[in-house]
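Visitor: Going from the sequence shown to our numbering is simple: count from 1 and add 51.
My questions all concern the structure below.
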Amino acid sequence: MEISEFQRILKNRYLEKDRLMGELFMLSVLTEEVGELAKAIRYKNSERIAEELGDVVFVAFCISNLFDIDMERCLKSRYVNRSFEEVSKNWKDVSWKNHRNTNKK
């Protein structure tokens, strides 16, 4: 499935209800889902990680629909058309050098 098709399906199915709930409520749902993802990662539960990643992506797309943002265009411009150095230069609070070897045994 293409990203644009996925976004269109979610827009048709959920946008009306998402508008009623509002962007701040949707943001709180996203925050909750990111917390659940963090917990799944902490316990290295791959099945739960997959579920929570799906939830995070779903809510992110719902929020993008609230603001009429084309996620395919957004992702291409932010991550596909830029180098790793360009993408990671704004990760000021995370030291790549300190974290890159944490999964090696």
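We put the CB at the ideal spot given by N, CA and C, even for glycine.
In whole angstroms, give me the CA-to-CA distance for R59 and N116.
Guide: Roughly 9 Å between the two C-alpha positions.
Visitor: Measure from the alpha carbon of G73 to the alpha carbon of each residue in K143, S134, N96, V110, then state which is nearest.
Guide: Here the closest residue by C-alpha is V110.
Visitor: CA-CA distance, K140 and F118?
Guide: Answer to the nearest angstrom: the Cα atoms are 26 Å apart.
Visitor: Let me know if C125 comes out buried or exposed under the rule of 16 or more other beta-carbons within 10 Å of its beta-carbon.
Guide: By the neighbour-count rule (16 or more Cβ atoms within 10 Å), C125 is not buried but exposed.
Visitor: Specify the secondary structure class of R23 as computed by DSSP and reduced to three states.
Guide: What is shown of the chain runs 52 to 156, which leaves residue 23 out entirely.
Visitor: Do L81 and the ligand COA come close, with the Cβ less than 7 Å from some heavy atom?
Guide: The ligand COA is not part of the structure shown, which contains no ligands of any sort.
Visitor: Confirm, please, whether the CB-CB distance from L88 to V107 is below 8 Å.
Guide: Yes, the Cβ-Cβ distance between V107 and L88 is below 8 Å.
Visitor: If you scan the region 81-145 from start to end, which runs of the alpha helix (DSSP H) of 4 or more residues do you find wholly inside it?
Guide: Taking only runs of at least 4 residues, the alpha helix (DSSP H) segments lying wholly in the region 81-145 are 97-117, 122-126, 135-139.
Visitor: Which class does M52 belong to by DSSP, given the choice of helix, strand or coil?
Guide: Here M52 sits in coil by DSSP.
Visitor: Go through its chain and collect everything with a Cβ distance to E67's Cβ below 7 Å, but skip five positions before and after it.
Guide: Cβ within range, chain order: n/a, list empty.
Visitor: Given this structure, state the Cα-to-Cα distance separating S134 from S128, to the nearest angstrom.
Guide: Approximately 11 Å between the Cα atoms of the pair.
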